[in-house]
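Enquirer: In this note's numbering, the protein residues as written are 855 to 1024.
In this text, a Cβ means the ideal position worked out from N, Cα and C, and glycines have one as well.
Just passing along the structure, written as structure tokens.
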């Protein structure tokens, strides 16, 4: 259930951040969904890392989820203080590299359709974070494709599966 909860907000924030990058939402306005999604995923992190039944697997999941949480809070911070995002870009490289062993491990140990889907998600998220590294840290001219891929990732890896999990259909 917590996975569906977190993914719904991942979907919302990625979808809206993609629209923002396409110029459809103002800088000051995008802060709201990034902060809300940051707190939603932070709540999941705290519960799964420190709540009843916490174990190595749940702490690992919490640590990986915190990568998302940090990203959302950092996007919000960058909009409030109006910086260029290079720090977030370099953090995005760290996360993109981290997704490689996570995705490979997911493919190596997959047993269910959910396992396959999660491994694919980690590949998509890794590509997305790498695009943010290129855009923000290296200042590559890839704003439009990054915006479009952000919308795609939000719908495919967050919004739809998060809703289906919460609705009991996945």
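From the DSSP output, in three-state form, read off residue 938 for me.
Expert: It is coil, neither helix nor strand.
Enquirer: On the premise that residue 872 lies in contact with residue 1001, defined as a C-beta separation below 8 Å, what is that separation, rounded to the nearest angstrom?
Expert: Confirmed, Cβ separation roughly 5 Å.
Enquirer: Beta-carbon within less than 7 Å of residue 1004's beta-carbon, same chain only, minus the 5 sequence neighbours each way: which residues are those?
Expert: Within the same chain, residue 1004 has close Cβ partners 868, 871, 872, 875 and 982.
Enquirer: Among 973, 862, 900 and 962, which residue has its Cα nearest to the Cα of residue 891?
Expert: When only C-alpha atoms are compared, the closest one is 862.
Enquirer: Using 8 Å as the threshold, is the region 907-920 in touch with the region 935-944, meaning 3 or more CB pairs across them?
Expert: The region 907-920 vs the region 935-944: no contact.
Enquirer: Tell me the DSSP secondary structure of residue 855 in three-state form.
Expert: Reduced to three states, the DSSP call for residue 855 is coil.
Enquirer: Does DSSP put residue 932 in a helix, a strand or coil?
Expert: In this structure, residue 932 counts as helix in the three-state DSSP scheme.
Enquirer: Is it true that the CB of residue 923 sits closer than 8 Å to the CB of residue 896?
Expert: Yes, they are a contact pair.
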